[in-house]
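J.: Residue numbers (numbering that gives the first Met the number 0), protein chains in the order written: chain E, 0 to 579; chain V, 0 to 579. Ideal placement from N, C-alpha and C gives every residue a C-beta, glycine not left out. This structure is a prediction, so every number in the text was calculated from the model and none was measured. What follows is a structure written as structure tokens; I'll ask about it next.
There are 2 protein chains.
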Amino acid sequence: MTESMLEMDCTNLTPEPVLKTSGHVDRFTDLMVKDPETGECFRADKLLEDAIDNLLEDNTVTLSTEERDHHLRIQRQADAFSPQELDKLLKEDYKVKAPSGQEFSPSFPFNLMFKTTIGPEGTSVGFLRPETAQGLFVNFRRLLDYNAQRMPFAAAQIGLGFRNEISPRSGLLRVREFTMAEIEHFVNPDDKSHPNFASISDKELVLFGRDDQLGSGKTKTVSVGDAVKSGLVNNETLGYFMARTQLFMEKIGMDASRLRFRQHLTTEMAHYACDCWDLEIKSSYGWVECVGHADRACYDLKVHSEATNTPMVATQKLDKPKEITIAKLKFDRKLLGKEFKADQRVVSGALEALAQNWDDFEKVATDLETNGTTVVDGFTITKDMVTWKKANKKVHEIKFTPSVIEPSFGIGRILYSLLEHCFYTRDDEEKRNVMKFNPRVAPYKCAVLPISSSDELNAVVNEIAADLMDYDLSTKVDTSGATIGRRYARSDEIGVPFAVTCDFDTLKDGSVTLRERDSMEQVRLPKDDITAIIGAIVHGKMTWEGVQAKYPKYGGDAVASKTVVETSSRGSFSRPAPSN
Amino acid sequence: MTESMLEMDCTNLTPEPVLKTSGHVDRFTDLMVKDPETGECFRADKLLEDAIDNLLEDNTVTLSTEERDHHLRIQRQADAFSPQELDKLLKEDYKVKAPSGQEFSPSFPFNLMFKTTIGPEGTSVGFLRPETAQGLFVNFRRLLDYNAQRMPFAAAQIGLGFRNEISPRSGLLRVREFTMAEIEHFVNPDDKSHPNFASISDKELVLFGRDDQLGSGKTKTVSVGDAVKSGLVNNETLGYFMARTQLFMEKIGMDASRLRFRQHLTTEMAHYACDCWDLEIKSSYGWVECVGHADRACYDLKVHSEATNTPMVATQKLDKPKEITIAKLKFDRKLLGKEFKADQRVVSGALEALAQNWDDFEKVATDLETNGTTVVDGFTITKDMVTWKKANKKVHEIKFTPSVIEPSFGIGRILYSLLEHCFYTRDDEEKRNVMKFNPRVAPYKCAVLPISSSDELNAVVNEIAADLMDYDLSTKVDTSGATIGRRYARSDEIGVPFAVTCDFDTLKDGSVTLRERDSMEQVRLPKDDITAIIGAIVHGKMTWEGVQAKYPKYGGDAVASKTVVETSSRGSFSRPAPSN
Chain E
0 MTESMLEMDC TNLTPEPVLK TSGHVDRFTD LMVKDPETGE CFRADKLLED AIDNLLEDNT
60 VTLSTEERDH HLRIQRQADA FSPQELDKLL KEDYKVKAPS GQEFSPSFPF NLMFKTTIGP
120 EGTSVGFLRP ETAQGLFVNF RRLLDYNAQR MPFAAAQIGL GFRNEISPRS GLLRVREFTM
180 AEIEHFVNPD DKSHPNFASI SDKELVLFGR DDQLGSGKTK TVSVGDAVKS GLVNNETLGY
240 FMARTQLFME KIGMDASRLR FRQHLTTEMA HYACDCWDLE IKSSYGWVEC VGHADRACYD
300 LKVHSEATNT PMVATQKLDK PKEITIAKLK FDRKLLGKEF KADQRVVSGA LEALAQNWDD
360 FEKVATDLET NGTTVVDGFT ITKDMVTWKK ANKKVHEIKF TPSVIEPSFG IGRILYSLLE
420 HCFYTRDDEE KRNVMKFNPR VAPYKCAVLP ISSSDELNAV VNEIAADLMD YDLSTKVDTS
480 GATIGRRYAR SDEIGVPFAV TCDFDTLKDG SVTLRERDSM EQVRLPKDDI TAIIGAIVHG
540 KMTWEGVQAK YPKYGGDAVA SKTVVETSSR GSFSRPAPSN
Chain V
0 MTESMLEMDC TNLTPEPVLK TSGHVDRFTD LMVKDPETGE CFRADKLLED AIDNLLEDNT
60 VTLSTEERDH HLRIQRQADA FSPQELDKLL KEDYKVKAPS GQEFSPSFPF NLMFKTTIGP
120 EGTSVGFLRP ETAQGLFVNF RRLLDYNAQR MPFAAAQIGL GFRNEISPRS GLLRVREFTM
180 AEIEHFVNPD DKSHPNFASI SDKELVLFGR DDQLGSGKTK TVSVGDAVKS GLVNNETLGY
240 FMARTQLFME KIGMDASRLR FRQHLTTEMA HYACDCWDLE IKSSYGWVEC VGHADRACYD
300 LKVHSEATNT PMVATQKLDK PKEITIAKLK FDRKLLGKEF KADQRVVSGA LEALAQNWDD
360 FEKVATDLET NGTTVVDGFT ITKDMVTWKK ANKKVHEIKF TPSVIEPSFG IGRILYSLLE
420 HCFYTRDDEE KRNVMKFNPR VAPYKCAVLP ISSSDELNAV VNEIAADLMD YDLSTKVDTS
480 GATIGRRYAR SDEIGVPFAV TCDFDTLKDG SVTLRERDSM EQVRLPKDDI TAIIGAIVHG
540 KMTWEGVQAK YPKYGGDAVA SKTVVETSSR GSFSRPAPSN
């Protein structure tokens with residue numbers, strides 16, 4: 000399903016005011032501790048996690064199930080503790096020492112943003128963006144215009160994020176520079192339904208809610224429709240994106256049994272957020288957060304709107320007009336002019352804005368009635384300056400600050416997990432390694448090989464490869480002298496899903512063999528069909544079974560895919576099995 | 000033609016040592032002047048260029064052709080002057096004053112790299128990369144391995160570059176963060192021929208050589224084959240990439256009459272470079288450098304190799320063994336051991352390395368013979384430590400530090416130029432704007448419209464659009480209530496090359512009309528053919544003329560594409576012309 004999201008490419012260098020407003024300058028921190036002797040720095044929550052891992056490993060026998068669960072619960076909350084709590088846990092409960100043997104320093108916040116200065120004068124501070132989202136928020140009005148003021152809508156961005164990680168590690172999983180893809184879906188806060196929810200509501204997800212994390216430690220498998228109905232997942236739009244993420248992961252070939260959604264604990268979640276669920280993927284590094292799904296409420300647009308004094312609101316036309324209560328104002332213009340001079344219009348404007356809705360104006364009215372005076376936008380207003388009347392008004396549209404629901408993908412983490420999930424070893428004598436990349440995501444879609452290297456065969460090989468590449472189907476030509484079996488194995492090892500082989504019959508009748516990587520089965524087909532067939536499979540319009548139904552099977556499995564291992568004085572070698 | 004280049008994605012954050020070695024820390028500067036009163040900074044060469052523009056504009060009548068040419072020559076060299084030369088030109092010759100009315104400060108170099116610190120300790124300096132190239136150079140050994148040690152080969156990278164421009168301006172043309180694409184083609188310095196040169200040698204290029212820049216001010220149109228033969232372009236590989244760049248520009252729809260290659264002046268070129276040619280594209284901002292083509296010789300690999308003490312060499316197998324003269328050494332091991340202790344193997348190793356080629360060893364031999372002593376790698380060697388004999392040796396391969404030939408594309412500049420080159424206004428009453436994007440690069444390949452909005456027609460529209468998008472052919476659906484003529488105009492305005500219209504006949508027989516943007520002509524064809532046809536055109540396998548030959552023309556031009564302008568009291572409106 001296509002979403003017709005807007006796409007945007009914002010800058011990586013971000014001026015300080017944007018990130019001051021978003022809260023990153025003050026709060027985008029990790030807790031750090033220092034070895035007082037060496038000055039080496041460590042991330043405090045990771046020290047706690049490691050300490051618990053070690054404790055559990057060293058005491059597999061002696062710990063009771065309850066004790067284990069207690070430690071695991073603490074471990075799961077490691078990044079949600081306050082500095083004081085962490086210090087107590089590290090020092091008193093788990094007795095963690097610095098590598099020098101001394102006590103660590105108390106934990107303190109370390110801002111993860113890379114700072115630089117912009118411009119020749121060296122006076123403007125800038126940061127490398129820690130996430131792509133802010134660029135979309137500050138461009139909200141432009142995006143809304145571009146979408147012809149229609150709500151709800153989403154904008155997406157793929158780009159780099161930068162975080163000055165205290166201790167980068169685990170390959171692509173914790174790095175200082177990474178590719179991310181974020182979707183900001185803007186929605187009316189009073190209506191977070193999603194028009195396409197029905198299309199995914201039956202999809203089952205493995206959910207690890209916050210109660211289960213603090214309690215049973217067990218996940219639940221629930222349809223997203225039921226999860227939203229029961230309130231476990233806050234709303235339809237959030238649930239919709241969770242289901243779409245799950246479907247995406249399955250589509251690119253991730254192992255569904257190693258996926259789960261973990262809800263943020265209340266302590267872990269930003270104060271303004273409604274609900275957050277991380278898609279975690281299991282790899283040899285454990286469960287790793289790879290895609291965040293957060294309902295950030297109206298926070299982002301509100302703060303940028305206030306900081307820049309720019310309304311960031313959307314308008315919703317009402318099906319039928321709605322009656323609201325307002326205040327009709329009458330000013331003593333002379334008095335206002337005398338009191339506020341050049342500012343008189345600012346003052347009357349501010350009061351008029353409040354008067355658009357009685358709920359907003361009520362405090363002013365009460366103040367003036369009871370105290371005779373009130374303060375609006377820093378101006379002191381007295382009772383004699385303005386009188387009002389309550390009135391009803393029909394409105395045909397309402398204005399609101401949209402809520403933001405944000406799926407945020409860590410591309411490097413997804414890529415790494417996919418590599419692990421796609422790796423297998425053939426269950427035969429040779430134990431050859433294969434990457435079973437789905438054709439949609441395989442870096443090479445097809446290999447093209449001549450059965451033996453000759454000018455005539457190479458010409459056909461190049462012609463087939465060029466046609467595939469003209470259709471953006473990346474292709475690897477292998478005209479090396481290695482046996483066909485060896486070349487198939489090489490191609491399997493880097494996850495090429497299909498291999499086309501040209502042989503002497505190709506020169507006679509234009510037919511070639513097409514081999515599928517995982518089944519190692521082959522069909523015979525005209526070379527001119529190759530690009531259309533591979534294109535159709537890559538674009539999800541055809542399956543290998545469909546290809547097998549359409550074209551004759553080629554040879555026994557033995558013809559070109561099986562190999563035998565020969566052992567000689569120089570070691571073990573694989574060779575193609577002799578064909579019959 | 001596909002090149003099978005390697006692709007790599009290196010980090011943007013770059014540790015200081017890499018950029019110190021490459022010379023960027025010391026020399027990646029622009030000359031800057033300051034207004035002493037306000038502290039405002041300006042790029043000195045741009046001030047000179049602007050001053051000359053103003054002078055020429057103010058004196059169009061009074062200046063002789065010779066005087067004009069003199070000023071233009073100075074302007075073309077603006078970024079090649081030394082600080083002293085620039086100061087003299089600005090102050091004495093062109094009398095440029097700061098905005099405050101005072102004299103500018105003397106010009107001084109300003110480093111254009113954004114600096115930051117990496118890691119929690121704040122002690123490691125890093126920069127945002129000013130170009131993508133360095134990442135490929137420091138990974139040269141890995142790339143060569145990946146290419147199975149075969150030479151020549153190329154590696155390519157698309158990514159961001161960052162330059163702290165003193166005065167960013169001109170839209171996408173001078174910005175502080177930009178997308179670039181660089182190719183590093185590694186080649187034997189003694190053989191810069193290119194295997195595919197013959198395929199492009201007849202291609203004519205507009206060349207603005209350095210002699211013509213300083214002399215006639217006129218370009219020459221020459222085939223790249225002749226340019227290389229005459230020595231105007233240094234070598235085949237450099238010429239090959241220049242021709243490929245020209246072909247690329249034509250393929251994406253750039254106006255060939257607004258392209259030229261300008262050679263770097265000797266003063267402008269880095270001391271190590273052999274030859275540099277910038278592809279310049281003309282836009283309303285004048286001739287703008289958009290793609291650099293530089294033969295950087297062995298500089299990059301040499302400096303990184305020396306700084307890291309890591310050989311960065313390639314090996315070339317010789318067709319037949321070659322005889323070379325070497326020195327056969329005999330050491331007095333006892334003396335070496337006594338003199339150099341733990342370093343004795345380092346000393347003998349250094350001498351053995353030189354001895355592999357008599358040309359390298361000759362200086363040592365002469366020194367020892369005439370002075371009795373010499374210094375190698377900081378060690379003082381005396382005559383009694385080593386004796387030697389000249390000898391001949393057959394070698395089967397040679398080792399060399401590859402030269403780098405680098406085409407470097409500024410994507411934002413190319414994009415901006417393409418926007419200008421693709422813009423035109425229809426030559427009819429309404430003067431509507433059109434972007435004539437080539438289908439290969441048009442952001443939307445196809446628009447799909449119902450003749451009027453109904454559930455039945457919208458369903459067909461969505462089905463056609465979904466099928467196109469499944470094949471990565473980006474599609475814009477327009478089901479708005481605007482007239483067909485208005486919707487075609489909207490689609491033309493954003494450069495969509497094709498529009499498919501579904502009408503009531505579509506519901507009966509599955510046929511639709513396909514309209515081409517620039518000719519505004521239409522054909523009628525089965526809806527199921529659309530994806531294949533659009534795909535074939537986008538991938539360069541079919542032309543609009545081919546489509547017209549295959550399918551019947553639809554209606555007169557009048558049917559749906561022509562509009563009439565009606566003028567009423569509310570202003571001018573365009574409406575579809577009444578169909579016959």
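1) Which same chain residues end up closer than 6 Å to E/Met0 when comparing Cβ atoms and leaving out the 5 residues on each side of it in sequence?
2) Just the Cα atoms here: how many angstroms apart are E/Asp254 and E/Phe436?
3) Is the stretch 168-176 of chain E touching the stretch 216-227 of chain E, taking contact as three or more C-beta pairs under 8 Å?
4) Against chain V, which members of the stretch 466-485 of chain E pass a CB distance test of less than 7 Å?
5) Please classify E/Arg587 as buried or exposed, where buried requires at least 16 neighbouring CB atoms within 10 angstroms.
6) Classify E/Ala557: buried if its beta carbon has 16 or more other beta carbons within 10 angstroms, exposed otherwise.
7) Can you tell me where the beta strand (DSSP E) holding E/Val375 begins and where it ends?
8) Are any of the Cβ atoms in chain V nearer than 7 Å to that of E/Val558?
9) Classify V/Met248 as helix, strand or coil using the three-state DSSP reduction.
10) For the pair the stretch 335-350 of chain V and the stretch 417-427 of chain V, tell me if three or more CB-CB distances fall below 8 Å.
11) Pick from E/His395, E/Ala306, E/Arg257: whose alpha carbon is nearest that of E/Phe136?
12) Taking the beta strand (DSSP E) that V/Asp210 belongs to, which residues open and close that run?
13) Give me, in chain order, the residues of the same chain whose beta-carbon lies closer than 8 Å to that of E/Asp383; leave out the 5 immediate sequence neighbours on both sides.
14) To be precise: take each residue of the stretch 18-39 of chain V, compare its Cβ to all Cβ atoms of chain E, and keep it if any distance is under 7 Å. Which residues remain?
15) Using a Cβ cut-off of 9 Å, pull out every chain E residue sitting near V/Gly160, in sequence order please.
16) How long is the line joining the alpha carbons of V/Ala458 and E/Phe247, rounded to whole angstroms?
17) Please check if any C-beta of chain V sits within less than 7 Å of the C-beta of E/Thr115.
18) Kindly list, in the order they appear in chain V, the residues whose Cβ is closer than 9 Å to that of E/Leu12.
19) Among the residues of its own chain, which have a CB less than 6 Å from the CB of E/Thr530, if the five just before and after it don't count?
20) Can you tell which of E/Ala352, E/Asp49, E/Val302 has its C-alpha closest to the C-alpha of E/Arg75?
21) Consider the Cβ of E/Ile165: report whether some Cβ of chain V lies at a distance smaller than 7 Å.
22) Count the C-beta pairs between the stretch 90-99 of chain E and the stretch 25-40 of chain E that are closer than 8 Å, then say yes if the count reaches three, no if not.
23) Check V/Glu462 in the structure and name its three-state DSSP category.
24) Between V/Phe109 and chain E, is there a C-beta pair that is closer than 7 Å?
25) Secondary structure at E/His303, three-state DSSP: helix, strand or coil?
26) DSSP three-state call for V/Glu361: helix, strand or coil?
27) Can you name the residues of chain E whose CB is closer than 9 Å to the CB of V/His538?
28) Have a look at V/Asn370, V/Val205, V/Gln315 and flag the residue whose alpha-carbon is nearest the alpha-carbon of V/Phe399.
29) Can you confirm whether the stretch 73-91 of chain E touches the stretch 45-63 of chain E when touching is taken to mean that 3 or more C-beta pairs between the two stretches lie within less than 8 Å?
30) Taking a contact to mean a Cβ-Cβ separation below 7 Å, would you say E/Pro525 touches E/Pro438 in this structure?
31) Determine whether the Cβ of E/Pro194 lies closer than 7 Å to any Cβ atom of chain V.
32) Below 9 Å on C-beta distance, what does V/Glu183 contact in chain E?
33) Using CA coordinates, which residue listed in E/Glu65, E/Ala43, E/Leu367 is at the minimum distance from E/Leu85?
34) I'd like to know if the stretch 379-394 of chain E and the stretch 290-309 of chain E are in contact, where contact means that at least 3 CB-CB pairs between them fall below 8 Å.
35) Using a Cβ cut-off of 7 Å, pull out every chain E residue sitting near V/Glu120, in sequence order please.
T.: Well, looking at it:
1) By 1-based counting over the first sequence, the position of residue 0 of chain E is 1. Residue placement at E/Met0 cannot be trusted, given a pLDDT of 49 that sits under 50; the coordinates are not used to answer.
2) Taking the first sequence and counting its residues from 1, one reaches residue 254 of chain E at position 255. Taking the first sequence and counting its residues from 1, one reaches residue 436 of chain E at position 437. Roughly 12 Å between the two C-alpha positions.
3) With the cut-off at 8 Å, the stretch 168-176 of chain E and the stretch 216-227 of chain E do not touch.
4) Correct list: Met468, Asp469, Tyr470.
5) Residue 587 of chain E lies beyond the stretch modelled for chain E, which goes from 0 to 579, so this question has no answer here.
6) Looking up residue 557 of chain E in the first sequence gives position 558. With a pLDDT of 40 at E/Ala557, under the threshold of 50, the modelled position of that residue is not reliable, and no figure is offered here.
7) The residue given as residue 375 of chain E occupies position 376 in the first sequence. Start and end: 372-375.
8) In the first sequence, residue 558 of chain E corresponds to position 559, counting from 1. Annotation note: pLDDT 44 at E/Val558 (below 50); position unreliable, coordinate value reported separately. For E/Val558, the answer is no, since every Cβ of chain V falls outside 7 Å of its Cβ.
9) Mapped onto the second sequence, residue 248 of chain V falls at position 249. V/Met248: helix per DSSP, three-state reduction.
10) no
11) Here the question's residue 136 of chain E lines up with position 137 in the first sequence. The option with the nearest alpha carbon to E/Phe136 is E/Ala306.
12) Taking the second sequence and counting its residues from 1, one reaches residue 210 of chain V at position 211. Membership of V/Asp210 in any beta strand (DSSP E) is not indicated; the residue belongs instead to the alpha helix (DSSP H) covering 209-213.
13) In the first sequence, the residue the question calls residue 383 of chain E occupies position 384. Once the five neighbours on either side are set aside, the close Cβ partners of E/Asp383 are Asp331, Leu334.
14) Met31, Gly38
15) Locating residue 160 of chain V in the second sequence gives position 161, counting from the first residue. The premise fails here: V/Gly160 is roughly 11 Å from chain E at the closest Cβ pair, so nothing lies under 9 Å.
16) Here residue 458 of chain V is taken as the residue at index 459 of the second sequence, counted from 1. Here residue 247 of chain E is taken as the residue at index 248 of the first sequence, counted from 1. Straight-line Cα distance between these residues: approximately 25 Å.
17) The count along the first sequence starts at 1 and reaches residue 115 of chain E at position 116. Yes - at least one Cβ of chain V is within 7 Å of the one on E/Thr115.
18) Mapped onto the first sequence, residue 12 of chain E falls at position 13. Here the neighbours are Phe113, Leu127, Phe161, Arg175, Glu176.
19) As a working mapping, residue 530 of chain E is identified with position 531 in the first sequence. Only Asp466, Leu467, Tyr470 meet the Cβ criterion.
20) Here residue 75 of chain E refers to the residue found at position 76 of the first sequence. Of the listed residues, the one whose Cα sits closest to E/Arg75 is E/Asp49.
21) What you label residue 165 of chain E is simply residue 166 of the first sequence in a count that begins at 1. Closer than 7 Å to some Cβ of chain V, the Cβ of E/Ile165 qualifies, so yes.
22) The stretch 90-99 of chain E makes contact with the stretch 25-40 of chain E; the number of CB pairs closer than 8 Å reaches 3 or more.
23) Along the second sequence, one-based indexing puts residue 462 of chain V at 463. In this structure, V/Glu462 counts as helix in the three-state DSSP scheme.
24) On the second sequence, position 110 is the one that residue 109 of chain V refers to. Output row for V/Phe109: interface = yes.
25) Locating residue 303 of chain E in the first sequence gives position 304, where the first residue counts as 1. DSSP places E/His303 in helix when its eight states are reduced to three.
26) Numbered from its first residue, the second sequence carries residue 361 of chain V at position 362. Three-state DSSP puts V/Glu361 in a helix.
27) To locate residue 538 of chain V, count along the second sequence from 1; it is residue 539. What V/His538 touches in chain E: Asp469, Tyr470, Asp471.
28) The sequence position of residue 399 of chain V within the second sequence is 400, counting from 1. Here the closest residue by C-alpha is V/Gln315.
29) yes
30) Within the first sequence, residue 525 of chain E is the residue found at index 526, counting from 1. Within the first sequence, residue 438 of chain E is the residue found at index 439, counting from 1. Taking 7 Å as the Cβ cut-off, E/Pro525 and E/Pro438 do not qualify as a contacting pair.
31) Position 195 of the first sequence holds residue 194 of chain E. It does not; no Cβ of chain V falls within 7 Å.
32) Residue mapping note: residue 183 of chain V aligns to position 184 of the second sequence, counting from 1. Result: empty, since nearest Cβ-Cβ is about 21 Å, beyond 9 Å.
33) Looking up residue 85 of chain E in the first sequence gives position 86. Selection E/Glu65, E/Ala43, E/Leu367 evaluated against E/Leu85 yields E/Ala43 as nearest (Cα-Cα).
34) no
35) Residue 120 of chain V sits at position 121 when you count from the first residue of the second sequence. The answer, in chain order, is Gly38, Cys40.
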